[in-house]
Every structure is written in structure tokens, then in C-alpha cells.
Amino acid sequence: MNVHDFLYYIILPILSVSSLLVFVRFFKGPSIIDRVVALDLLITIGIGIIAIYSILSDKPTFLDISLVLALIAFLGSVAFAYYLEKRNKNE
């Protein structure tokens, strides 16, 4: 078993199942914080899937796309934390 088979037959199914479980948490989340954490985790799983596709297809430009997606996810997390801080000060 080489690296491509390992990524294709083991890692991608694990990421697929984990994304389904995170979708359940995203839709059932009782609070907004649970949903934001689930969305952040979905983006992280998507970055992993893009990275694996980049390795399997031997196209390194997709790694640039995953890097941009990671930066956007980080900025979203920071913006949400800022929103929570401002909301707590007003209460």
C-alpha cells in the first residue's frame, strides 16, 4: 500500500464521515457558538480534503486555495470572538 492508496482508501472516508457528523452538529447545535465551531471544523475538514486532492492529482495549486481558505476561516473565527466580546460587554 503506497501513500496514494492510504489517502484514497483510508483518510478520505474518515474525513467524509467526520464531515457528516459535523453537519449534524451544525444543524442540531443548540447555541450559536456550537454552530460556529461546527462551521469552523467543516472548513478545516474541507481544507484537508483539498490538500488530499492536491496530493492525489499532483496539482500543487490547490494547496494555495486551501491556504486562502484557512486564512478566511481564521479571520471568521477572530471576527466571531470579537462579536462575542462586544456582546458580553453590552449585557
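At position 72 of the sequence shown the residue is numbered 117 (my numbering), and the sequence of numbers has no breaks. Every residue gets a Cβ at the ideal spot worked out from N, C-alpha and C, and that includes glycine.
Compute the beta-carbon to beta-carbon distance between valine 123 and isoleucine 90, rounded to the nearest angstrom, for a pair I have assumed lies under 8 Å.
Actually they do not touch by this definition, with Cβ atoms about 20 Å apart.
Would you mind sorting alanine 83 into buried or exposed? The rule is 16 or more other CB atoms within 10 Å of its CB.
buried
Have a look at aspartate 79 and arginine 70 and give me their C-alpha separation to the nearest angstrom.
The C-alpha of arginine 70 is placed about 7 Å away from the C-alpha of aspartate 79.
Where does lysine 134 sit, in a helix, a strand or coil, going by DSSP?
helix
Spatial neighbours of aspartate 85 within its chain, please: CB distance less than 8 Å, with the 5 preceding and 5 following residues excluded, ordered by chain position.
Ala118, Gly121, Ser122
Quick check on this structure: which residue in Ala96, Asn133, Ser102 has the alpha carbon closest to the alpha carbon of isoleucine 110?
Ala96
I need the DSSP call for aspartate 141, collapsed to helix, strand or coil.
Any question about residue 141 goes unanswered here, given that the chain covers just 46 to 136.
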